[in-house]
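What follows is a single structure, written as structure tokens, with notes after it.
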Amino acid sequence: MIKHLAVIGFVAAASSALGAVTFEKDVKPIFREHCAGCHNQDDAASDFAADGFDGVLAGGAGGEVVAPGDPDGSRLWRLITHAEQPAMPPGGDKLPDAQLAVVRAWIEGGLLKDDQSKPMASKKAAIAVVDVGDLGKPVGEPAMPKDWYREPVVTSDAVGPVESIAASAWAPAAAVPWQRQVALYHTETSALLGVTPYLEGAPHVVRFSRDGSLLLVAGGREGALGTAAIIDVVSGARLATVGDELDTVLAADISPDNRLVAIGGPKKKVRVYRVVDGSLAYTCEKHTDWVTAVAFSPDNQLLATGDRSAGLRLWQAEAGHERGDLRGHSLAITSLAWRPGVLASASEDGTVRWWNADGAQVKSFPAHGGGTLSVAFASDGRLVTAGRDRLVKLWNADAGHVADLTQTDDVALAAVFAHGDKRVVASDWSGKVRVVDIETKQPVAMFTPNPPTLAERVEAADKSLADLQAKHAEATTLSAEKGKALELAQQAHDAFNKRLADAEQSLAAARRSLDEAQATLKGRTGAESRASEAKSAADTALAEAAKKLEEARKANAPSVGDLVAAVADADSAVHAATAALGETQTLRVEAEGLAGQATQRKSDADQLLAEVGSQRAGLPDLAPLQAEAEAATKALQEMAQQVAQATTARDAAVAERERYAAAADELAKRAEQTLAEVTTLEAAAAEAASREAEAAQAAEAAAEATKELQAQLEAIKEQIRDSRAKQAESKQSLADLEAEAAAQQAKLTEAQRRAQVAEAQLNDLKATSEWRAEHIAKE
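Here it is, written out as structure tokens:
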């Protein structure tokens, strides 16, 4: 649950039949009765006169004593309720409750002087009071920087020790302090979220509030100035500044309910201020050396403080009463951290000690050789420490050593758990701030305390874009070259495949021709063989016929004539067979020629195929060329994406630079508009209050009329009923007007809260600009 402190503007006065509470009518008689004896215009003890309106507003030697709209922030109220010493009236009881109620209503109502007055605007900071019963868990979305400016106050070529680191328990945001500024980073993306100025000097301490809505920045200039600034995490606006020390602040913390800020330093005192109005709540004066560490307990009951001489004390958080002197360390207290019921203290003696809420030591263990400089709890009770041995160490909830997470380049100064407790943010003497993954124990990001200016970011974005564009051009050329090489290689393969196919087709045709020629030759050789056999047979028949003819002639046989005819027939057959043989021989020779030609063509085709085949080895390998072309295309696509991203980043940087340049004018315009809205709402609220007073007077008149009519009850009963009806109507009208006044007040409160944030942002910009101008002039 969150209970909001009233923000700028009056709170509607407690209404009654008598109207709003005013000083002249209601408060002055009380002060004259109880206060004016010592505090009057003629005898103003502590320079405070309580017998007149102007004197009460002026306050006394310690400053103003009443704050419009804020009783708890008014010192006068705290004195007369005995919440603060010296109690008033002195030596007696508090004022009666009824009179205290009148004074409180007067302050809440905006310090009205009389019935014609208008309520005064409250000066309270726009800061919520947090109920610590839920350990500070925020209601709704956790606070994250939104539209912070990322223009650093100062830049330098080198950085020095980063003494403090803070991380929100509820959101991925970490604060990194450096000279006159604090940078906020996203603990998961490592993006710079914004820069808030701290022009008072060097911020030595940064702390997020328990609910993560506020950032406490404390520091100053050695021997000159010390303050603590309270920054709204969402808007980056400075909501309040407490403390006006004569030396820098070395230790600071904000209470879990956001009501108190404790600061300490070389003056050996711890001063605790009220956030609501910056007033001093109390001072702890028991330390004998520089105060080096302070921490509120999570239940808001205790404040632990430590000093350079090993002093460690517990105080009641609300009023500053001492609760314990915790002895055990032998050297300076360097860091304090709480978990429910347990205080952890780190010391230059190298140990970490645990104490319970009663101040009894429950555990002690050596953590770092040479000195332990930082200690912080996780939400689950684990512990992270950093020390002079350059180590950042992780411990379990029972203080058992789990791991050395990282070794820094120089003395490890601070370490805290990031949101989610899976990473640790650590800083060292060299100015390096690293984010370490707990599981892998590896650094995953670096946060620079000295971020570049918007102009440098634009210049770097321009250079990065130009480099990427040049690489994109190179990638385009390379991709084209690889594509061309692949195309030529593919053409060579296609030409080879065509020649190979042609050679294979020629060989196939030659083989078919050879087969055909060989088949023809075979057939013709067979025909020749048969013709030769026929001729041999004819020759044999002729010889036999001639022989028979010769024998017949010798024998003068009568068959000579027949045999002559037979010889003639046989001779004809020989001639015919001889002719047939000659023809088949001619055809065979012709077939042999064709077969020889076919054989030559096949041989030529075989040789051509072999020649073409031998060219395969000289072809480029397509696989690597294909891979190279694909890789070049992919690289080109990736480079195009990088160019697009760089262009977007460059445009964003330019837009942010332009937005920052126009911010002051815009904020001034917004502030004027908001103030005009506030003026309108104030007028409406005043009118509503006036109408409410009129209605109250009408109700009072109706009540008086009723009393008179009651005395004449028997004679004018009808008039009484009419008067009662009018009285009821007046009461309803009064209730309606009160509701309207409450609605107007709500609008006024919100408008004035926005006005304060806008004014704070404008003041930061103006102060930063003026500081830069002065700094540049001195250089």
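Residue numbers (mature numbering (1 follows the signal peptide of the UniProt record, and there is no 0)): -19 to -1, 1 to 760. Beta carbons: idealized from backbone N, C-alpha and C, even for Gly.
>> Please classify residue 427 as buried or exposed, where buried requires at least 16 other C-beta atoms within 10 Å of its C-beta.
In response: exposed
>> With a threshold of 7 Å on Cβ separation, who are the neighbours of residue 210 within its own chain once the five nearest residues in sequence on each side are excluded?
In response: 179, 198, 219, 222
> Short check: CB of residue 394 to CB of residue 203, under 8 Å?
Replying inline: no
> Are there 16 or more other CB atoms within 10 angstroms of the CB of residue 124, so buried, or fewer, so exposed?
Replying inline: buried
>> Which of the three DSSP states is assigned to residue 254 in this structure?
In response: strand
> Going along the chain, which residues of its own chain have a beta-carbon closer than 7 Å to the beta-carbon of residue 623, five neighbours each way excluded?
Replying inline: 449
> Whole beta strand (DSSP E) runs in the stretch 286 to 365 with 3 or more residues, listed along the chain?
Replying inline: 293 to 297, 303 to 306, 314 to 320, 323 to 328, 332 to 337, 342 to 347, 353 to 358
> Should residue 767 and residue 333 be called a contact, given that it needs their Cβ atoms to be closer than 8 Å?
Replying inline: The requested residue 767 does not occur in the structure, where the chain is confined to residues -19 to 760.
> Taking C-beta to C-beta, are residue 224 and residue 215 nearer than 8 Å?
Replying inline: no
> Any heavy atom of the ligand MN closer than 7 Å to the Cβ of residue 177?
Replying inline: Looking for the ligand MN in the displayed structure turns up nothing, as the structure carries no ligands at all.
>> Going residue by residue through the stretch 104 to 181, where are the continuous beta strand (DSSP E) segments of at least 3 residues, counting only ones entirely within it?
In response: 109 to 111, 154 to 159, 162 to 167, 173 to 178
> Does the distance from the C-beta atom of residue 410 to that of residue 142 stay below 8 Å?
Replying inline: yes
> From residue 255 to residue 262, what does the alpha carbon distance come to, in whole angstroms?
Replying inline: Near 6 Å, if we compare the C-alpha coordinates of residue 262 and residue 255.
>> On a Cα-Cα basis, can you pick out the residue from 150, 526, 177, 168 that is closest to residue 159?
In response: The shortest C-alpha separation from residue 159 is found at 177.
> So what's residue 273 in DSSP terms, helix, strand or just coil?
Replying inline: DSSP places residue 273 in strand when its eight states are reduced to three.
>> Can you tell me whether residue 88 is helix, strand or coil according to DSSP?
In response: helix
>> Closest to residue 77 by C-alpha separation, out of 93, 95, 12, would be which residue?
In response: 12
> Are three or more beta carbon pairs between the stretch 298 to 308 and the stretch 273 to 288 nearer than 8 Å?
Replying inline: Cβ pair count under 8 Å is three or more, so yes.
> First and last residue of the alpha helix (DSSP H) that includes residue 474?
Replying inline: 435 to 536
>> Measuring straight from C-alpha to C-alpha, what distance separates residue 29 and residue 253?
In response: 24 Å
> Does the distance from the CB of residue 637 to the CB of residue 435 come in under 8 Å?
Replying inline: Against a cut-off of 8 Å, the Cβ pair of residue 435 and residue 637 comes out as a contact.
>> Which of the three DSSP states is assigned to residue 93 in this structure?
In response: coil
>> In whole angstroms, give me the CA-to-CA distance for residue 587 and residue 488.
In response: So the two alpha carbons sit approximately 6 Å from each other.
> Which partner residues does residue 222 have in the DSSP bridge list?
Replying inline: 210.
>> Whether or not the stretch 54 to 65 and the stretch 84 to 91 are in contact is what I'm after, with contact meaning three or more pairs of Cβ atoms, one per stretch, closer than 8 Å; do they touch?
In response: yes
> Can you tell me whether DSSP reads residue 37 as helix, strand or coil?
Replying inline: helix
> Looking at the structure shown, is residue 588 part of a helix, part of a strand, or coil, going by DSSP?
Replying inline: helix
> What is the DSSP secondary structure of residue 404, counted as helix, strand or coil?
Replying inline: strand
> What residues match up with residue 382 in a beta bridge as DSSP calls it?
Replying inline: 376
> If you draw a straight line from the alpha carbon of residue 418 to that of residue 364, how long is it in whole angstroms?
Replying inline: 15 Å
> Run through DSSP, which three-state label would residue 3 get?
Replying inline: coil
> Roughly how far, in whole angstroms, is the beta-carbon of residue 164 from the beta-carbon of residue 157, given that I think they are within contact range, below 8 Å?
Replying inline: 5 Å
> Which first and last residues belong to the alpha helix (DSSP H) in which residue 624 is found?
Replying inline: 603 to 642
>> For the alpha helix (DSSP H) containing residue 20, name the first residue and the last one.
In response: Element bounds for residue 20: n/a, residue is neither H nor E.
> What three-state label does DSSP hand residue 391 in the structure shown?
Replying inline: coil
>> Assuming the contact rule is C-beta atoms closer than 8 Å, residue 153 and residue 399 should be a hit. Round their C-beta distance to whole Å, please.
In response: 7 Å
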